[in-house]
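Right, one structure below, let's go through it.
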Amino acid sequence: MKMANLQKNFGKKMNTPGVDLSLKEIDRSKTSDRTLVKYFVFAKGLPTNLTYTLYQVQINGQIIKLFEGVTLDSDGMARCTPRKAPVELVFYAGKAEPKRLSLVSDDGSFKAFISAIPFPNSVTDKTCALESVIGTTKGEITYIQGSGFEPNEELTVDGKSYGEKTHGVTKADGDGSYFGVALPHVLGKTSGTTEWSVKGKNCNPILTFSWGAYQLE
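1375 is the number of the first residue of the sequence shown in the numbering used here; add one for each residue after it.
Written as structure tokens, this is what we have:
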């Protein structure tokens, strides 16, 4: 539950008021076994006279320090000291794997968070969208994030892995979002595909995701 709540709330909800963090993808390149995705980091609402540290929050919650002594130029671009070169992040990932980052001022007074998924797995139906996010490396826990539903409307949720089915009723949040936790593993199976349906008044997106194996895109 702790990791699920971290994923559900990670991002703007955790920012210092008036602060926004964004990533700008600048390049993708293919190697023999993976795709490398390069980003620049931008911030709004953060003082330019402070220094910051950039952290990454792993899938298991482990926090890794990526860059120290980060400064922001007048356009909000994160730069390394003392050369003032742009902070370049190069990620590789599997399908639906999140890359979660935080930028924190060294005096602790300002914080900004963002989550990016280099290789998303998503589907839309009318105004609604669903996206899977792996919660463990092989997707034994998978989060389902939705948007575009009516605020606080009743939602019917159905899941299916092999012959096993789940059914439930929940409510959308006040902003029309949905968050669910799927445990798709089936006894006697080491991998598979799960179908996840969320039905509201006006839409019914149906998402398919794989579990049981990790493969770099």
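In this text, a Cβ means the ideal position worked out from N, Cα and C, and glycines have one as well.
Whose CA, out of the options, lies closest to the CA of residue i?
i: ASN1389; options: LEU1424, LYS1398, LYS1485; result: LYS1485
i: HIS1541; options: GLY1443, VAL1464, SER1479, LYS1573; result: LYS1573
i: LEU1440; options: THR1422, VAL1461, ILE1580, ASN1434; result: VAL1461
i: MET1451; options: ILE1433, VAL1464, PHE1465, LEU1420; result: LEU1420
i: LEU1581; options: GLN1519, THR1445, GLU1399, TYR1426; result: GLN1519
i: LEU1428; options: ARG1457, LEU1395, SER1551, THR1405; result: LEU1395
i: THR1445; options: GLN1430, PHE1416, GLN1436; result: PHE1416
i: VAL1478; options: VAL1543, SER1565, THR1567, VAL1393; result: VAL1393
i: LYS1387; options: ASP1549, GLN1436, THR1501, PHE1493; result: ASP1549
i: THR1568; options: TRP1585, PHE1553, GLN1436; result: TRP1585
Within its chain, find whatever has a CB closer than 7 Å to the CB of residue i; leave out the 5 residues flanking it on each side and keep chain order.
i: ASN1495; result: LYS1469, ALA1470, GLU1505, SER1506, PHE1583
Ignore the nearest five residues each way along the sequence and tell me which others in residue i's own chain have a CB closer than 8 Å to its CB.
i: ILE1491; result: ALA1467, ALA1470, GLU1471, PRO1472, LYS1473, GLU1505, VAL1507
i: GLY1509; result: MET1377, ALA1378, GLN1381, ILE1433, ILE1515, THR1516, TYR1517, VAL1555
i: ASP1480; result: LEU1424, THR1425, TYR1426, THR1427
Based on the DSSP output, what are the partners of residue i in its beta bridges?
i: PRO1460; result: ARG1453
i: CYS1502; result: ASP1499
i: SER1396; result: PHE1416
i: GLU1527; result: Its beta-bridge partners do not exist; DSSP assigns none.
Can you name, in chain order, every residue of its own chain whose Cβ lies under 6 Å from the Cβ of residue i, other than the five neighbours on each side?
i: LEU1410; result: SER1403, VAL1464, TYR1466
i: SER1571; result: ASP1532, ILE1580
Helix, strand or coil: which one does DSSP assign to residue i?
i: LEU1380; result: helix
i: LYS1386; result: helix
i: ALA1546; result: coil
- prompt: Do three or more CB pairs link the segment 1556-1567 to the segment 1525-1536 at distances below 8 Å?
  reply: yes
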